[in-house]
Amino acid sequence: MVSKPRGTRDFDVAEMEKRRFIQKQMETIFKRFAYKEIATPTLEHLELFEIKSGENIIDELYSFKDKGGRDIALRPELTAPVMRFYVEKLQMETKPLKFYYFGNCFRYDRPQEGRYREFWQMGCELIGSCSPGAIAELIALAYHAIKKTGLINIRLRIGNLNLLEKQIRKAIPSSSLSDFSPALHTDIFRLIDKNDIESMEQLLKKYKSSPKQIALFKEFLQSNNIDDITNYFKDSTEAQTDIEDFKKMLDSLELFGVPTRDVIEMNIARGLDYYTGTVFEIEAPQLGAEKQLCGGGSYTLVPLLGGTEIPTAGFAIGFDRVMMTLERENYEFPFSSELIYVMSLDRDLDREVIKMASQLRYSGFMVDFDLMNRAISRSLKYANKIGAKKTIILGKNEWDQDKVVIKDMQSGEQQEVKKEELEAFLV
RNA sequence: GCCCGGAUAGUGUAGUGGCAACAUAUGGGACUGUGGAUCCUCUGUCUCGGGUUCGAAUCCCGGUCCGGGCCCCA
């Protein structure tokens, strides 16, 4: 027997119904925010992801040489492909560009709960503005889209990499700052992201950070309100713009209907190196280790791909995790079946069954009938099994009077209806 | 990539060295101008490869897949 590759999944009928429903819920919100759908290929040149994805993602790439000897990778995420698309084709479009996408992504990683080698991301990219209002709208979009799925227990966290970086620099003596710069993104950010405070301290010490500076920085990482943060930068003129923007963004966020109480967290860093400025995450606390549902922020990727510099921001939602969380919250997926089943009581009328099923299908109804020559009771049993809402029964007695029987499968009630009035009865 | 635990019919399980089984589902049938019930019945299973043994679903080694954790990330 051939089985599916490790870390991939088959989705049965019930699962697909749920997934499509949730996908549509989120797309509804994207559309209301005037985002439009785009799609990019599943395959990209390996180079696209090598350019600036961060070495950890490179390690996990599914890549291979194609028959023409090209280095090809299955996309591990969708931001870089969308930016590649923009640079290649869309740079002259009217700004801002608001795109959403839904697609499968691949990472060669150890599968475990909430993590697969093929997984689905749904996300948005905003090209043309990173104003505080634009970022606020983007965060609001992510928040409302996830809320729209029916999830109850989610947590929004917002940080700012510019302020974080400025504060790190303040923690290092100016004499060793130039030595330190290369380690900033790769090492310190990563340790902060991992919440590995001890290693972070070691690293700061290595660059001659004083105990006092370290203590101050650790306090900064814990700060969660805008006034405290403003205080840290009161004698730094260059940070004032960042502070002001951050405040404006939070204010707008309230206007977009997103509660901003306790959302600030200065210890949010990012695995992907191209993020700058505001970053945010939405997590489902009940999920444990793999609890992050959404990550996003502003980033600089276009110039690296050869395009003209332009503000860009976006987010990606881990679709599979949203589904997992909904299941965990015992979310009741709406079940609606409009299926109509057609059957006959006399074999003579079998041809009429096909004609009627076809007619109803032309009219737009979802219609099924027996393909296995079932006996009458079996046929009704089957109609029940497949969830038919109504069964149309063709019997000789009624047929001779141009009538059919409609049976409501829930109540069991049935009534005779004239053939020409049938469709009106089914609506 | 590392550590730990699993894998018996489509699904859920029992069997722990001696005939591979139960429930349920699927297909067929009984009933026959009416379904969710009942009864009968066919089909279908030890994750794969090696080893130990007279004999392996059972013990040992390895692979594959699944689950949990680490790393990392969505």
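Everything in the first sequence is counted per our numbering, starting at 623 for the first residue and increasing by one.
All C-beta atoms in this analysis are idealised placements derived from N, C-alpha and C, irrespective of residue type, glycine included.
query, result
"Beta-carbon separation (whole angstroms), Leu915 vs Gly940, contact threshold 8 Å", "6 Å"
"Same chain only: Cβ atoms within 6 Å of Leu665, ignoring 5 sequence neighbours per side", "Ile694"
"Own chain residues within Cβ distance below 8 Å of Gln645, not counting five before or after", "Phe724, Met744 and Phe941"
"C-beta atoms of Tyr897 and Leu783 nearer than 8 Å", "yes"
"From Asn995, Arg996, Ile1008 and Phe987, residue whose alpha carbon lies closest to that of Val1049", "Phe987"
"Spatial distance of Arg739 from Gly1034 (CA atoms)", "47 Å"
"Bounding residues of the alpha helix (DSSP H) (the contiguous stretch that carries Gln981)", "Asp972 to Tyr984"
"Sub-8 Å separation of Asp815 and Arg892 beta-carbons", "yes"
"Extent of the continuous alpha helix (DSSP H) to which Gly1050 belongs", "The chain is shown only over 623 to 1049; residue 1050 falls outside these bounds and no answer can be derived."
"Range of the contiguous beta strand (DSSP E) that encloses Thr898", "Tyr897 to Glu905"
"Under 8 Å between C-beta atoms of Pro698 and Glu682", "yes"
"C-beta atoms of Ser845 and Ile794 nearer than 8 Å", "no"
"Reduced DSSP secondary structure (H/G/I, E/B, other) of Ser1001", "helix"
"Reference Cys746; option with closest CA among Leu700, Pro754, Glu710 and Cys752", "Leu700"
"Run of the beta strand (DSSP E) containing Ala695, from where it starts to where it stops", "Asp693 to Leu696"
"Tyr722, buried or exposed, once every other Cβ within 10 Å from all chains shown has been counted against 16", "buried"
"Per-residue DSSP class, three states only, for Met705", "helix"
"Secondary structure of Lys869, DSSP reduced to three states", "helix"
"The stretch 705-713 touching the stretch 918-938, judged by at least three CB pairs closer than 8 Å", "yes"
"For Ile890, the nearest candidate out of Gly917, Val1027 and Ser800 (CA to CA)", "Gly917"
"Contacts around Phe1047, its chain only, beta-carbon distance under 7 Å, and the 5 residues preceding and following it disregarded", "Ile1028 and Val1039"
"Contact set for Lys717: own chain, Cβ-Cβ below 8 Å, skip 5 residues either direction", "Ile749, Gly750, Ser751 and Ile932"
"For Phe1060, three-class secondary structure by DSSP", "Missing from the structure shown is residue 1060; the chain here goes from 623 to 1049 and no further."
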